[in-house]
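Written below as structure tokens is the structure these notes are about.
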Amino acid sequence: MEEIKKIVSDTESLIFFFVIVGMTILFALLLGNFLQRQIEEKTKEHQVDITSFIFLKHMIVAIVYFLGFGWALLTLPITRTFAHSLIAGAGATTLILGFASQQIFSNLFSGIFLILNRPFKIDDTIEFQGSKGKVIEISLNSTIIQDENEDKIIIPSSKILGDKIKIYKRQKL
35 MEEIKKIVSD TESLIFFFVI VGMTILFALL LGNFLQRQIE EKTKEHQVDI TSFIFLKHMI
95 VAIVYFLGFG WALLTLPITR TFAHSLIAGA GATTLILGFA SQQIFSNLFS GIFLILNRPF
155 KIDDTIEFQG SKGKVIEISL NSTIIQDENE DKIIIPSSKI LGDKIKIYKR QKL
């Protein structure tokens with residue numbers, strides 16, 4: 035009788051495992067397709083480099099897979115210890131990567147804000163920390179201005195949002 039209970043319990047765990055794996059795959063695929071459509075729709079009318087958005091989409095989908103498969107492993111008695119270690123290790127890794135990529139994400143979110151808010155646009159003349167030039171490119175990571183000597187000055191997006199900018203509308207260098 036005890037063996038039958040164990041077999042039934044193991045079978046239920048196995049079925050639950052495959053249901054969670056299947057739902058994880060389905061959810062990740064649907065989420066990935068949804069995010070891809072949103073990226074294409076939102077960036078279609080703007081000349082924006084979508085590389086960072088695609089990278090972010092892949093990171094989100096990878097997190098869904100990781101959490102889903104970790105949860106599925108928790109349902110199997112034999113892999114429970116491994117799953118706990120995997121999830122704990124992921125937390126520590128996420129913390130380390132978060133600190134390491136803080137500046138990158140700061141520039142990324144600042145760039146998104148600049149693109150959406152549009153305090154200045156391409157061909158505007160701006161002055162930032164003593165450098166004056168015509169805006170020739172606005173991307174997620176930086177804004178590039180060209181001074182009167184045709185030198186290019188790259189300004190990180192997070193710096194632009196954190197400091198004062200003087201914008202000269204319709205002024206040519």
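The numbering of the sequence shown is my numbering, which starts it at 35 and goes up by one.
Even glycine gets a Cβ: it sits at the ideal position worked out from N, Cα and C.
Beta-carbon within less than 6 Å of residue i's beta-carbon, same chain only, minus the 5 sequence neighbours each way: which residues are those?
i: S140; result: S192
i: G102; result: T58
i: L91; result: Checking the displayed sequence, the identity of residue 91 turns out to be Lys instead of Leu. So the qualifying residues of the chain are L69.
Nearest by alpha-carbon distance to residue i: which of the options is it?
i: R152; options: L48, L195, A96; result: L195
i: K168; options: N175, I188, L150; result: I188
i: Q122; options: D185, Q136, G104; result: Checking the sequence, you will find Ala at residue 122 rather than Gln. Measuring from the Cα of A122, the nearest candidate turns out to be G104.
i: S144; options: I97, D185, K203, S173; result: S173
i: E161; options: F89, S119, A106, D197; result: D197
i: S165; options: L148, I149, I201, Q137; result: I201
i: P190; options: E171, D181, E182; result: E171
i: F52; options: E74, I88, L110; result: L110
i: I138; options: L63, D44, F89, S119; result: F89
What does residue i pair with, by DSSP beta-bridge criteria?
i: Q72; result: Q72 pairs with nothing; no bridge assigned.
i: S176; result: P190
i: E171; result: I178
i: K78; result: Beta-bridge pairing links K78 to no other residue.
i: S165; result: F162
Quick one: give me the first and last residue of the beta strand (DSSP E) that residue i is part of.
i: K193; result: Counting along the chain, K193 falls outside any beta strand (DSSP E), though it belongs to the alpha helix (DSSP H) covering 191–195.
i: T159; result: 159–162
i: I156; result: Element bounds for I156: n/a, residue is neither H nor E.
i: K198; result: No beta strand (DSSP E) holds K198; DSSP gives it neither H nor E.
Under DSSP, the alpha helix (DSSP H) around residue i begins and ends at which residues?
i: F143; result: 136–151
Can you tell me whether residue i sits near the ligand GDP, meaning its C-beta is under 8 Å from at least one heavy atom of the ligand?
i: I149; result: Summarising the ligand content, the structure contains no ligands, and the ligand GDP is consequently not present.
Skipping 5 residues on each side, what residues in its chain have a beta carbon closer than 8 Å to that of residue i?
i: L65; result: I94, V95, V98
i: N183; result: none
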